[in-house]
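> When the letters of the sequence shown are read in order and numbered with the working numbering, they come out as residues 45 to 211.
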Amino acid sequence: MSEWRLAWRLARRELDLRFRGLRLLLACLFLGVGALAAIGSLTQSIDAELASRGSAILGGDVEFGTSQRAATPDERAAMARFGTVSETVRMQATAIRGTNSVPVQLKGVDAVYPLYGTLAVQGGSVAKVDDPKTIWIVPALAQRLGVGPGARTAGDRGLHRCRRDRE
Numbered sequence: 045m046s047e048w049r050l051a052w053r054l055a056r057r058e059l060d061l062r063f064r065g066l067r068l069l070l071a072c073l074f075l076g077v078g079a080l081a082a083i084g085s086l087t088q089s090i091d092a093e094l095a096s097r098g099s100a101i102l103g104g105d106v107e108f109g110t111s112q113r114a115a116t117p118d119e120r121a122a123m124a125r126f127g128t129v130s131e132t133v134r135m136q137a138t139a140i141r142g143t144n145s146v147p148v149q150l151k152g153v154d155a156v157y158p159l160y161g162t163l164a165v166q167g168g169s170v171a172k173v174d175d176p177k178t179i180w181i182v183p184a185l186a187q188r189l190g191v192g193p194g195a196r197t198a199g200d201r202g203l204h205r206c207r208r209d210r211e
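#1: How far does the beta strand (DSSP E) with R134 in it reach, from first residue to last?
#2: Would you report the Cα separation of R125 and T116, rounded to the nearest angstrom?
#3: Counting only the same chain and skipping the five closest in sequence on each side, list residues whose C-beta sits under 7 Å from that of R49.
#4: Using the Cβ count rule (16 or more neighbours within 10 Å means buried), how would you classify I83?
#5: Out of T178, T138, T128, which one is the CA nearest neighbour of G152?
#6: Grab me the residues of A122's own chain with a C-beta within less than 6 Å of its C-beta, minus the 5 sequence neighbours each way, in chain order.
#7: Where do the ends of the alpha helix (DSSP H) carrying Q187 lie?
#8: Less than 7 Å between C-beta atoms, sequence neighbours within five positions excluded: which residues of the same chain meet that for R120?
#9: Using only the alpha-carbon positions, how far apart do S46 and L80 sit?
#10: Could you name the residues of the same chain whose beta carbon sits closer than 7 Å to that of A71, not counting the 5 residues immediately before and after it, in chain order?
#11: Using a 10 Å radius around the Cβ and a threshold of 16 neighbouring Cβ atoms, would you call I181 buried or exposed?
#12: Three-state secondary structure (DSSP) at V77?
#13: Compute the Euclidean distance between the alpha carbons of V146 and G78, then round it to the nearest angstrom.
#14: On the CB-based measure, 16 or more other CB atoms within 10 Å of its CB, does L189 come out buried or exposed?
#15: Pull up the distance between the alpha-carbon of A186 and that of A137, whole angstroms please.
#16: Within the continuous beta strand (DSSP E) that includes M147, where are the two ends?
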């Protein structure tokens, strides 16, 4: 029997069984091709977005980071050779008001932040980093701590004024 005859006989047997044996194979092929197409499409979308708005998303062209310490004067000078430098500090902390304590992530920025784009808060309004004693908090944290816009909080550098955007 020729090879083609055998192949046809096997294929016909499978067809007679209503694709019972091929259904799993076809499903796997379909899912595999779909997953590869989705990954390729997602990668292209991310690349295109970073190419068009990368500076605004990052707040600058390049981001340097140090862990558990501030940049040394030599490191800051090396960064400044590439252009304007803005410094941010991030840390985990606990916000306490009365008997309420809430874990929070703090991000402190300097007056130059962001180098590109604008600092937008919830609701779409633009925030200005002009007062070092102003803190911005999300509405959920404000509600949990029971504070509102204009509230005063005690920090280790004096009183701070709370601001939050409307929901």
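All C-beta atoms, glycine included, are put in the ideal place defined by N, C-alpha and C.
Let me lay it out:
#1: 132-141
#2: 14 Å
#3: none
#4: exposed
#5: T178
#6: none
#7: 183-189
#8: V129
#9: 37 Å
#10: none
#11: buried
#12: helix
#13: 43 Å
#14: buried
#15: 15 Å
#16: Inspection of the sequence shows that residue 147 is occupied by Pro rather than by Met. That run of the beta strand (DSSP E) goes 144-153.
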